[in-house]
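So in my numbering, spot 131 of the sequence shown is number 935, and the numbers just go up one at a time. Every residue, glycine too, gets a C-beta built ideally from N, C-alpha and C.
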Amino acid sequence: MRVVTLLPSATEIVYALGVEPVGVSHECDYPPAAREQPSVNRSRVDPEASSSEINEQVADAESGDGVYAIDRETLAAVDPDVIVTQGVCDVCAVDHVLVAEAVEDLGLDAEVLTLDVHSLDDLFDSVYRVGAAIGRDEAATDLVATLRQRVAAVETTAARASETPSVAVLDWLDPVMVAGHWVPEMVEKAGGVYGMAERGAHSRPREWEEVREYDPDVLVAAPCGFDVDQTRENLADLTERPGFDELTAVREGRAYVVDGHHYVNRSGPRLVDTLEFLAALCHPDLFDVPPRDAVQELPSLRA
805 MRVVTLLPSA TEIVYALGVE PVGVSHECDY PPAAREQPSV NRSRVDPEAS SSEINEQVAD
865 AESGDGVYAI DRETLAAVDP DVIVTQGVCD VCAVDHVLVA EAVEDLGLDA EVLTLDVHSL
925 DDLFDSVYRV GAAIGRDEAA TDLVATLRQR VAAVETTAAR ASETPSVAVL DWLDPVMVAG
985 HWVPEMVEKA GGVYGMAERG AHSRPREWEE VREYDPDVLV AAPCGFDVDQ TRENLADLTE
1045 RPGFDELTAV REGRAYVVDG HHYVNRSGPR LVDTLEFLAA LCHPDLFDVP PRDAVQELPS
1105 LRA
């Protein structure tokens, strides 16, 4: 079975099911072996730019030829049986329409499987669907069972908490965007309250004053596509906003940077890792401290 994955979360699912893809997207970097596979697309946005610059580049790309381009020569060369893409966000990964056009134009005999994840149940369903498409049904069943057990363990432990902190997760800093999709659900399962977005809602820009008025007990900065180091480089976009130091989360030392690229914004199996991280931030007395390469207290970054 020759599989091409055009988003990092799909790559992680395919590897977790025991299949090595023959082609991946330019962002696929986990597991490390994914970096060795040929990339079948490229981005028209510079991922190393600042938050505001990336926002402008995305807007320009969307009004032009789009954020991504498919390397049709490479796609034809790897000759896939299955191509896994997504329908969640045309800024995050190659859109399924673009893929379908390339498959038709190249005359490829490939199934295009589109994942559209907005919740943990959507993630589990995606694992089942990928498993069925690549002949790994049993592995998919086992993986989902393990992930569900971990989710249930978090919920059971969080239920013992004596508080239910309010939480805000930002998946962009300039402009400020409040994370949606699976994040509100995960915060609630982790024992928190997520008052700035509904379950399954799309992430969208918000006025900074809305964040100040909400005044979360726990604040998480997890920009889409940014790891901890890149978030540190852009942290002034958040910390220099009026009233930032007055937020309850900041005053009480409960403001954090989380690796958005690998965890919060990537709807693969490691979303359950993210759930466990969020539970630890909401209830540090009940859960283990998250790894420092994934989660860091924001005051330590400002020092």
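When the beta-carbon positions are compared, His922 and Gly1004 come within less than 8 Å of each other. With a 10 Å radius around the Cβ and a threshold of 16 neighbouring Cβ atoms, Ala936 comes out exposed. Counting only runs of at least 3 residues, the region 877–928 fully encloses the following beta strand (DSSP E) elements, listed from N- to C-terminal order: 886–890 and 915–919. In the structure shown, the three-state DSSP call for Glu1080 is helix.
Asn845 is bridged by DSSP to Ile874.
As the crow flies, the alpha-carbon of Ala1084 is around 11 Å from that of Ala965. Residue pairing by DSSP puts Val807 in a beta bridge opposite Val886. Residues of the same chain with a CB within less than 6 Å of the CB of Val1024, apart from the 5 flanking positions on each side, are Val973, Tyr1060 and Val1062 in chain order. Taking the Cα of Tyr834 as reference, the smallest distance to any Cα among Thr815, Asn1038, Asp913 and Asp1092 is reached at Thr815.
DSSP places Ala957 in the uninterrupted alpha helix (DSSP H) bounded by Asp941 to Ala962.
Secondary structure at Val823: coil, using DSSP grouped into helix, strand and coil. The DSSP-derived three-state label of Tyr998 is coil. Counting C-beta pairs closer than 8 Å gives fewer than three between the region 822–840 and the region 1087–1100, which falls short of the contact rule. The alpha carbon of Leu811 has as its nearest neighbour, out of Val826, His830, Pro884 and Arg940, the alpha carbon of His830. In this structure, Asn1069 places its C-beta atom within 8 Å of the C-beta atom of Ala1026. The alpha-carbon separation between Thr961 and Val1076 amounts to approximately 15 Å.
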